[in-house]
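Per full-length UniProt numbering, the very first residue in the sequence shown carries number 1; after that it's consecutive. Shown next, in structure tokens, is the structure this report addresses.
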Amino acid sequence: MRILRFCLFFIVVFSFFQCDKVEEKVLIPKQSNNFVWIYKPDGDYFFGPDTKHLKEGKWYDQWVPNDHTFVKDETGKWHVFGITHPLVDVKPLKGSIHEGEYASFHAVSSDTSFKESLTKYHYKDLPKILAPKDRPGETLANHAPYIVKMDGLYQMVYGHSPIRLAVSSDLHKWTPKGKLFSDKDGARDPNLLFHEGVYYIVYCSNKSVRMRQSKDLINWSESQTILTTNKFDPESPSLIFHNDSFYLFVCSWDGIWDGQDIQGAYQNKTYVYNSKNPSNFGTDEEKEITTLKSHAPEIFQDENGDWYISSVEWPYRGVSIDKLTWE
Numbered sequence: 001m002r003i004l005r006f007c008l009f010f011i012v013v014f015s016f017f018q019c020d021k022v023e024e025k026v027l028i029p030k031q032s033n034n035f036v037w038i039y040k041p042d043g044d045y046f047f048g049p050d051t052k053h054l055k056e057g058k059w060y061d062q063w064v065p066n067d068h069t070f071v072k073d074e075t076g077k078w079h080v081f082g083i084t085h086p087l088v089d090v091k092p093l094k095g096s097i098h099e100g101e102y103a104s105f106h107a108v109s110s111d112t113s114f115k116e117s118l119t120k121y122h123y124k125d126l127p128k129i130l131a132p133k134d135r136p137g138e139t140l141a142n143h144a145p146y147i148v149k150m151d152g153l154y155q156m157v158y159g160h161s162p163i164r165l166a167v168s169s170d171l172h173k174w175t176p177k178g179k180l181f182s183d184k185d186g187a188r189d190p191n192l193l194f195h196e197g198v199y200y201i202v203y204c205s206n207k208s209v210r211m212r213q214s215k216d217l218i219n220w221s222e223s224q225t226i227l228t229t230n231k232f233d234p235e236s237p238s239l240i241f242h243n244d245s246f247y248l249f250v251c252s253w254d255g256i257w258d259g260q261d262i263q264g265a266y267q268n269k270t271y272v273y274n275s276k277n278p279s280n281f282g283t284d285e286e287k288e289i290t291t292l293k294s295h296a297p298e299i300f301q302d303e304n305g306d307w308y309i310s311s312v313e314w315p316y317r318g319v320s321i322d323k324l325t326w327e
């Protein structure tokens with residue numbers, strides 16, 4: 001009988017540790033590499049003010065998007081917002097690839113199912129938002145919007161430094177609320193995660209990704225460096241919580257570009273890091289688990305719980321979507 005009890009005890013203990021081992025497994029994101037080109041910008045008049053090569057009020061056929069965000073409205077329709085500016089037609093392009101990034105594009109789906117919106121050119125342009133004339137007194141740049149809903153309002157953080165806030169009740173009309181914070185080494189490409197009652201904002205700085213915390217999106221903690229990148233300049237971080245751990249997706253800029261082809265300046269290598277602690281993703285490849293193909297990716301779930309990764313300017317101008325699974 002004692003032997004039988006010992007065997008049963010051993011089986012229970014072994015099963016417990018086996019279950020614990022399964023729960024501790026780090027899932028690796030895998031993309032299908034079958035991008036759907038959902039949004040191609042329409043031609044438009046430049047919102048101004050004038051730049052070296054762009055004129056306010058002039059029509060430009062080609063517009064280039066960059067860092068962006070997806071959000072679902074109260075009717076169930078999906079919207080996408082992001083950096084935009086006319087394609088500058090000069091040779092060489094170097095020095096002009098981000099010229100005129102002063103407002104955000106706004107496009108919307110006609111479907112309430114994200115899956116059904118994944119067809120070519122499905123998302124349609126709406127008027128651009130938060131041009132300099134709509135936010136007097138701010139720096140001209142309007143970069144990398146990210147939107148969450150809190151207290152009945154859509155809350156948009158955007159950069160670059162200072163990181164700023166704007167609010168809207170309908171995703172169409174936006175009211176600037178001013179500066180949130182700056183960083184002595186620069187702050188760009190903000191991204192938000194709401195987890196267990198706390199907002200985590202991650203952003204890029206000098207050879208690093210940094211993070212601050214807040215409970216109200218107004219008052220922020222001091223910055224922490226959560227990833228150090230000696231091998232490349234980080235861009236477009238995206239922080240998510242999945243499978244009981246944190247994942248940080250970071251696009252890279254390695255400085256290698258011929259200055260001629262604009263797509264070469266929008267590099268599509270995205271590093272993925274995993275950590276139990278959102279404050280520590282290590283240095284370089286210390287906590288790297290894989291790489292993906294995307295420029296300025298957003299990582300998000302639809303209403304059915306399916307995962308996606310987005311990309312701009314690669315493989316097509318505009319916004320493209322690829323399916324993401326976890327293995």
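Backbone N, C-alpha and C fix where the C-beta goes; we use that ideal spot for every residue, glycine too.
Candidates ILE28, LYS58, PRO41: which alpha carbon is nearest ALA107's?
PRO41
| request: Taking GLY82 as the reference, give the member of GLU298, ASP302, ASP322, ASP306 with the closest Cα. | output: GLU298
Checklist entry - Just checking my contact of LYS177 with ALA166 at CB under 8 Å: how many whole Å lie between their CB atoms? => result 6 Å
Taking buried to mean at least 16 other C-beta atoms within 10 Å of its own C-beta, is VAL198 buried or exposed?
exposed
_Taking a contact to mean a Cβ-Cβ separation below 7 Å, would you say GLU327 touches ILE129 in this structure?_
no
Q. In chain order, what residues of the same chain have a beta carbon less than 7 Å from the beta carbon of LYS207, not counting five sequence neighbours either side?
A. THR228, THR229, ASN230, ASP233
Requested in this report: Identify whether LYS115 lies in helix, strand or coil by the three-state DSSP scheme.
Outcome: helix
Per DSSP, the bridge partner or partners of GLN224
MET211
Quiz item: Which residues in the same chain have their Cβ closer than 6 Å to the Cβ of ASP302, if we skip the five residues on either side of it in sequence?
Solution: PHE114
(message) Bridge partners for GLN155 per DSSP, in chain order?
(response) VAL148, VAL167
### Task
Quick one: measure Cβ to Cβ for ALA141 and SER236, integer angstroms, because I've assumed they're closer than 8 Å.
The Cβ separation is near 15 Å, so there is no contact.
Bounding residues of the beta strand (DSSP E) (the contiguous stretch that carries ILE289)
288-293
Next item on the list: May I ask you to verify whether the segment 304-324 touches the segment 256-276, counting CB pairs closer than 8 Å and requiring at least 3?
Entry: yes
Q | Sequence-distant residues of its chain with Cβ nearer than 6 Å to THR325 (five each side left out) | A | LYS30
For GLN301, report the span of its beta strand (DSSP E) as first-last. 299-301
So who's on the other strand from LYS72, going by DSSP bridges? TRP78
| said: Looking only at its chain, what residues have a beta carbon closer than 7 Å to the beta carbon of LYS58, apart from the 5 residues adjacent to it on each side? | reply: TYR45, PHE46
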